[in-house]
Each structure stands twice: as C-alpha cells, then as structure tokens.
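Count the sequence shown with our numbering and you get residues 1 to 394, in order.
Yeah, the Cβ is synthetic: ideal placement off N, Cα and C, and Gly gets one too.
Okay, structure first, notes after.
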Amino acid sequence: MNTDVAPRLGWWQQTWRLVAAAAAGIPLWLSIGVVLRGQTGETGSWFLIGDPLVALGCLTLLLWRRRFPLFVAMTVAIASTASALAAGTSFLALVSLSTRRRPVEITVVGVAFVTASQFADGFYPVQSPPGSLWYYQLAFPALVAGIAVAMGMAIGARRVEVRSLRDRAESAEREQAARTAQERALERNRIAREMHDVLAHRISLVAMQAGVLDHRSGLSAEENRVLIRGIADGSHQALEELRDVLGVLRADPGRPEPPQPSLQGIPDLVADARTSGLDVTLTTTVTGIPSDVVGRTCYRIVQEGLTNAAKHAPGAAVHITLEGTAGDRLAVSVHNSSATTASTRPPASGFGLLGLTERVSLAGGELDHHPTPDHGYLLTARLPWPNPTHEKRV
C-alpha cells in the first residue's frame with residue numbers, strides 16, 4: 001500500500017485551503033505594518049508591494065504541493081523570510097509535507113522554517129522588547145513548526161487508516177464476489193446433476209423402446225401398442241419430473257423440497273425398468289435402513305447403471321446386487337451383459353459417471369466402473385454405513 005499518495009482535492013477543497021492560508025498571514029502582516037508606522041512613521045514600498053507579491057507567488061506554488069511536496073515546502077519556507085503575508089502559506093506547506101510522515105524531510109524543512117525567521121529582521125527592522133529576542137526568533141517559530149508537524153502527522157495517520165479500511169472493504173467485496181461466483185458455479189453443477197438424474201433415465205428407456213420399434217419389423221399389433229404406450233408414458237413421466245425439478249428451483253427458499261429417492265425406492269425403479277423392456281434382476285441382502293445420504297446415493301447408482309445399460313447395451317441382461325448391514329458398509333453393483341440388438345446411441349451428457357463419482361465421494365464411499373470380459377460393463381460402489389448410535393455419539 002502506497003501511503004505517500006494523498007487523495008486528489010476537488011476545486012472547493014483546494015480553494016478553501018488556499019484562502020485559509022492567505023488569511024492566516026494577514027494579521028501578522030498588518031501588525032508589522034502598524035509597528036513599522038509607529039516606529040518609523042512609514043511602512044515602505046516593500047511592505048506594500050514586495051511582501052504581497054512574494055506571498056502571492058508562494059500561494060501559487062502551493063498548487064503543486066502534493067506533486068512536489070519537499071521542493072514546495074522548502075521553497076515556501078525560505079521565501080517566507082521576505083514576506084510576513086506568506087506565513088500562512090509556509091504553515092500549510094509544512095503541514096502538507098508532514099502528512100507523508102518522513103522524519104528526515106520534516107526535520108530539514110522544520111529547521112529551514114525556524115532558521116528563515118531569523119533573517120526576517122533584514123526586511124522589517126522592528127525593535128523587539130528587551131529580553132524577548134529568543135521568543136520571537138526561536139521559541140515562537142519552533143512552536144508554530146511543531147504545531148504544523150503535529151497536525152500533518154495526525155492527518156497522515158488518518159489517511160493511512162482510511163486507506164486501510166477502504167482496502168479491507170474492497171478486499172471483502174472481492175472475496176464476496178468470488179464466493180458468489182463459486183456458489184453460482186456449484187449451483188449450476190447441482191442443477192445439471194439433478195437434470196441428468198431426473199431425465200437421463202427416462203429418456204434412455206424411451207430411446208430404447210423407440211429403437212425396438214425401429215429395428216424389429218415383425219412385432220404384433222399388441223407388442224407395438226405396448227411399446228408405443230411405454231414411450232408415451234415415459235415421455236409424460238419425464239416431463240412431470242422435469243416440472244418438479246424446475247418447481248424446486250423456482251420455489252421460495254422456505255418451501256420444502258419434494259421427497260428425495262431412497263433405498264426403499266430401488267424395487268420400484270427396477271419394476272419401472274422392466275416395464276420399459278429391460279431384462280433386470282435384483283438381489284438384495286441389505287438388513288436395516290441406512291441414512292438418507294447413503295440411501296439416496298445408492299438409488300442414484302442403480303439409476304445410473306440402468307440408464308447406461310439402456311443407452312449403450314440395448315437388449316442386455318442387467319443384474320443388480322445390494323448387500324450390507326449397519327456398522328459395516330453398503331455395497332452395490334450393476335452389471336450388464338453385452339448388447340443383443342443394434343441401435344443408434346443417444347448423445348452423452350457428460351454428467352453421468354462424473355456426477356456419480358462426486359456423489360459417492362461426498363458420501364465417503366468409493367466408485368469403480370469398467371468393462372467386463374463378456375463385453376459387458378460393471379458399475380460398483382462401496383458406501384460407509386456406520387451404526388446409528390455411533391452417528392449420534394459423533
């Protein structure tokens with residue numbers, strides 16, 4: 001953070017400072033004029049012409065005090081020797097320099113400020129009272145310089161504090177913007193996964209049934225009717241599920257979400273796949289009811305396995321195995337044999353296994369998927385299933 005750069009001044013802020021600096025020297029200038037007239041009977045041409053011109057030059061030079069602070073402060077301090085009216089401008093120049101809070105610069109200009117006052121007698125030979133020479137030529141200038149330095153140091157410290165607070169506020173805004181962008185990205189990914197989970201399974205079954213109609217010309221009228229009805233029902237269910245997902249996204253934050261799938265919904269999922277024409281068998285040895293996260297993840301694994309089998313291996317036999325118990329783990333596998341019929345593969349979404357891997361990882365499990373020697377495909381997962389009493393204790 002650069003503390004040397006002072007904030008820019010507007011025209012009004014600049015004007016009132018210069019007017020105040022000019023006005024501050026008027027009392028001293030008038031008092032010297034009164035003393036000169038009382039002691040010598042006249043003020044002299046320098047007092048009336050030279051002094052104001054020097055003060056005007058110093059006042060003009062102050063316009064550049066923030067760009068060249070040391071040069072302006074030193075020049076004004078020396079020039080104020082010849083001008084009582086420039087006393088206010090030299091004070092302002094010293095204050096402005098002190099805001100930089102550089103001890104060497106402040107000391108040099110402060111000494112020049114005090115020293116210059118010693119030579120003012122050459123322009124205004126005013127007779128001082130006996131014993132007061134040290135006060136007028138040393139103590140009083142040093143006091144004024146000390147006040148100017150103290151004011152400048154305080155202003156500089158305040159500027160640093162304000163700049164620090166502003167930088168913190170800007171940093172907080174940047175962090176907030178980054179968090180918002182990250183949350184939006186996460187929300188987009190979540191929506192993509194939900195859309196895939198909801199639609200991919202239904203659309204894959206519809207595509208499989210449509211492929212059967214396209215490649216098998218010897219079907220009876222009843223078989224054709226069943227397939228067409230299945231396509232219509234699957235499309236309708238896909239639209240309904242899509243409407244449910246969009247309804248959740250558009251709903252108020254306080255509105256509860258619809259029930260999420262669980263382990264108990266897998267038999268219905270398998271029955272639905274059989275109705276659509278998949279050859280699916282389910283073997284389960286699960287005892288107990290796992291947590292919502294584990295049950296929902298297991299459901300999505302089976303759903304993804306059925307979806308991929310319908311898309312990439314039409315006509316294949318699919319075998320699903322579930323086993324596990326509380327306190328151990330829940331294992332799920334979906335194996336499909338090679339395809340028995342040829343069909344045009346629907347385009348891949350890219351969110352299937354990738355999103356499933358993330359789901360399983362978040363649940364603390366492991367996912368594996370690979371081709372099998374029989375030209376089929378195997379999808380397996382192992383999910384932790386701690387005891388309910390252990391979960392409460394944790």
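Hey, quick one: how far does the beta strand (DSSP E) through residue i stretch, first residue to last?
{"i": "residue 329", "result": "328-336"}
{"i": "residue 317", "result": "317-324"}
{"i": "residue 139", "result": "Here residue 139 belongs to no beta strand (DSSP E), and DSSP marks it neither H nor E."}
{"i": "residue 280", "result": "279-284"}
{"i": "residue 371", "result": "366-371"}
Within the continuous alpha helix (DSSP H) that includes residue i, where are the two ends?
{"i": "residue 312", "result": "292-312"}
{"i": "residue 379", "result": "Element bounds for residue 379: not the alpha helix (DSSP H) but the beta strand (DSSP E), 377-385."}
{"i": "residue 268", "result": "266-275"}
{"i": "residue 106", "result": "103-116"}
{"i": "residue 8", "result": "Premise fails: residue 8 is in no alpha helix (DSSP H) and is neither H nor E."}
{"i": "residue 359", "result": "352-362"}
{"i": "residue 84", "result": "Run containing residue 84: none; DSSP gives neither H nor E here."}
Of the residues the options, which one's Cα is nearest the Cα of residue i?
{"i": "residue 308", "options": "267, 73, 376", "result": "376"}
{"i": "residue 117", "options": "139, 289, 204, 313", "result": "139"}
{"i": "residue 47", "options": "32, 271, 110", "result": "32"}
{"i": "residue 14", "options": "44, 57, 56, 66", "result": "66"}
{"i": "residue 73", "options": "83, 62, 82, 81", "result": "62"}
{"i": "residue 109", "options": "85, 84, 142", "result": "142"}
{"i": "residue 371", "options": "381, 338, 119", "result": "338"}
{"i": "residue 304", "options": "165, 204, 155", "result": "204"}
{"i": "residue 26", "options": "385, 8, 51", "result": "51"}
{"i": "residue 96", "options": "9, 379, 164", "result": "9"}
{"i": "residue 91", "options": "300, 268, 383, 77", "result": "77"}
{"i": "residue 364", "options": "295, 156, 302", "result": "295"}
{"i": "residue 366", "options": "381, 373, 374", "result": "381"}
{"i": "residue 321", "options": "314, 293, 156, 378", "result": "378"}
{"i": "residue 291", "options": "64, 385, 160", "result": "385"}
{"i": "residue 310", "options": "330, 293, 329, 334", "result": "334"}
{"i": "residue 100", "options": "230, 57, 148, 183", "result": "148"}
{"i": "residue 352", "options": "167, 189, 164", "result": "189"}
{"i": "residue 58", "options": "18, 332, 280", "result": "18"}
{"i": "residue 45", "options": "299, 16, 82, 111", "result": "82"}
{"i": "residue 154", "options": "173, 94, 282", "result": "94"}
{"i": "residue 206", "options": "84, 185, 232", "result": "232"}
{"i": "residue 316", "options": "340, 332, 75, 267", "result": "340"}
{"i": "residue 85", "options": "331, 174, 54", "result": "54"}
{"i": "residue 152", "options": "166, 75, 179, 102", "result": "102"}
{"i": "residue 144", "options": "87, 165, 49, 261", "result": "87"}
With 16 as the cutoff for other CB atoms within 10 Å, does residue i come out buried or exposed?
{"i": "residue 68", "result": "exposed"}
{"i": "residue 362", "result": "exposed"}
{"i": "residue 107", "result": "exposed"}
{"i": "residue 222", "result": "exposed"}
{"i": "residue 71", "result": "exposed"}
{"i": "residue 393", "result": "Unreliable positioning characterises residue 393 in this predicted model, as indicated by a pLDDT of 43, which lies under 50. A coordinate reading is not provided."}
{"i": "residue 336", "result": "buried"}
{"i": "residue 297", "result": "buried"}
{"i": "residue 80", "result": "buried"}
{"i": "residue 356", "result": "buried"}
{"i": "residue 318", "result": "buried"}
{"i": "residue 29", "result": "buried"}
{"i": "residue 301", "result": "buried"}
{"i": "residue 272", "result": "buried"}
{"i": "residue 162", "result": "exposed"}
{"i": "residue 373", "result": "exposed"}
{"i": "residue 60", "result": "exposed"}
{"i": "residue 403", "result": "As displayed, the chain neither begins before 1 nor continues past 394, which places residue 403 out of reach and without an answer."}
{"i": "residue 11", "result": "exposed"}
{"i": "residue 22", "result": "buried"}
{"i": "residue 104", "result": "exposed"}
{"i": "residue 239", "result": "exposed"}
{"i": "residue 89", "result": "buried"}
{"i": "residue 383", "result": "buried"}
{"i": "residue 172", "result": "exposed"}
{"i": "residue 330", "result": "buried"}
{"i": "residue 34", "result": "exposed"}
{"i": "residue 186", "result": "exposed"}
*Return the chain-ordered ranges of every alpha helix (DSSP H) run that is complete within the stretch 22-82 and spans a minimum of 4 residues.*
51-61, 69-79
_Three or more C-beta pairs under 8 Å: does that hold for the stretch 315-331 against the stretch 286-298?_
yes
*Could you tell me whether the stretch 268-282 touches the stretch 352-361, where touching means 3 or more Cβ pairs closer than 8 Å?*
no
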